[in-house]
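Residue numbers (the UniProt record's numbering): 1 to 280.
Glycine residues also receive a C-beta, built at the ideal position from the N, C-alpha and C atoms.
These figures come from a predicted structure and were not determined experimentally.
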Amino acid sequence: MQNIIHPDLEKSINNWFEAKFNGLTLPFYSSIDLRNSSYKIAPVDANLFPAGFNNLSETSRATAAKLIKSYFETKQHKKTLIIPENYTRNKMYIENVFVIEKVLQLAGFETRIGLFHNEAYNLIEPYETIVKENSRLKTTSGFVPDVIILNRDMTSHIPDTLKDVKQDIVPSPLYGWHSRQKFKYFEIYQELVSEFCGEFKMDPWLISVLTESCNGVDFNDDSSLGAVATKVDQILSLVQKKYEEYEIKTQPYVFIKASNGTYGMGIITATSGEEILNLN
């Protein structure tokens with residue numbers, strides 16, 4: 001990035017970001033998936049219910065605790081309840097949940113991890129069972145949280161147990177994948193990138209990815225495959241032109257993913273539209 005952004009612009013860039021953040025309510029937490037190819041760096045996904053806290057250093061965990069304390073400083077919250085995913089066997093994800101718990105405790109909150117009584121579980125340490133009474137969530141041990149920390153994506157819907165809850169829930173269940181679209185994120189990001197790069201005289205391609213949307217896709221239907229293949233070839237043609245501009249010799253390729261969803265499941269890589277037509 002040092003070759004893309006001149007060091008003398010750092011103050012101006014920080015001012016630009018501060019102006020954009022002004023007046024916005026930022027999410028409780030989030031994460032961005034970045035890809036660095038050595039000649040460009042760009043986000044490829046945004047998560048509002050992030051995992052990966054287990055990768056934070058002790059210094060970063062302490063910083064996170066301070067930020068959490070600041071986030072809730074006007075709320076007078078003292079007790080937090082984490083509701084994680086209930087179906088994953090990924091040990092790294094489970095460790096992530098435990099680190100979130102530790103960070104909240106470091107911030108001074110009494111914290112529990114909980115799942116609803118009808119949910120399967122794979123946690124490797126004691127958790128609490130959650131019940132809903134009079135529109136409030138609590139555990140069967142009597143723990144009543146002031147705020148619920150949600151760490152599940154809710155791809156298909158908001159469960160009834162999280163509807164009409166009186167306590168604060170962060171992030172809001174309204175922001176699950178059931179209502180978000182990755183392509184919409186890329187549209188908004190591209191608008192910001194165009195403005196940013198126009199201001200600081202940069203090529204937007206160096207900090208963004210080319211995207212196309214293809215609606216109503218059924219990979220069991222040949223006509224759908226044809227539509228996707230056409231989009232793949234369009235993107236590859238644009239990428240090839242940028243490769244030639246920057247004298248990049250590698251073969252371009254594209255990722256095909258669902259516009260809503262999580263964990264990177266169902267991603268397809270292709271170097272031509274023909275590969276899509278020949279999918280098994």
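Here the alpha carbon of residue 204 sits roughly 18 Å from the alpha carbon of residue 14. In this model, residue 226 and residue 269 are separated by some 16 Å (Cα to Cα).
In the DSSP assignment, the residues bridged to residue 132 are 137.
For residue 103, the uninterrupted alpha helix (DSSP H) segment begins and ends at 91-106.
Take residue 103, set aside five residues on each side of it, and the residues of its chain with a beta-carbon closer than 6 Å to its own are 61, 64, 65, in chain order. By the Cβ rule, the stretch 230-246 counts as touching the stretch 204-221, because three or more pairs are nearer than 8 Å.
The stretch 138-146 makes contact with the stretch 112-121: 3 or more CB pairs, one atom from each, lie closer than 8 Å. For residue 110, the enclosing beta strand (DSSP E) covers residues 110-116.
Note on the stretch 206-254: there is no whole beta strand (DSSP E) run with a minimum of 3 residues. As computed with DSSP, residue 204 is found in no beta bridge at all. Nearest neighbour of residue 274 by Cα position, chosen from 267, 253, 260, turns out to be 253.
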